[in-house]
Amino acid sequence: MAAYNQSLQINPAFGPAFLGRAQAVWAIDGGQVDQIRADLESARAADPNLPETLTLMGRLYLQ
1 MAAYNQSLQI NPAFGPAFLG RAQAVWAIDG GQVDQIRADL ESARAADPNL PETLTLMGRL
61 YLQ
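Structure below.
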């Protein structure tokens, strides 16, 4: 988690870091839906061509 946060401090528009942090939060505590959703929306805004972001968003909305 610290690596994703550090990456975002260096480059706040790095979509894969938002995606990675969302995946990490989901794995650690899937109940933090608001945090996961916010990171996924930031990942999509930063890099709309990341298919993993859309996949995880779909899984989140199906829950």
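For the sequence shown, the positions run 1 to 63 when the working numbering is used.
We put the beta carbon where it would ideally sit given N, CA and C, even for glycine.
Everything numeric in this text was worked out from a predicted model, so none of it was measured.
- A17 is a Cβ neighbour of L8, given a cutoff of 8 angstroms.
- Take S42, set aside five residues on each side of it, and the residues of its chain with a beta-carbon closer than 7 angstroms to its own are F18, in chain order.
- T53 is classed as buried because its beta carbon has at least 16 other beta carbons within 10 Å across all chains shown.
- Using a 10 angstroms sphere on the CB of A13, the tally of other CB atoms stays under 16, which defines it as exposed.
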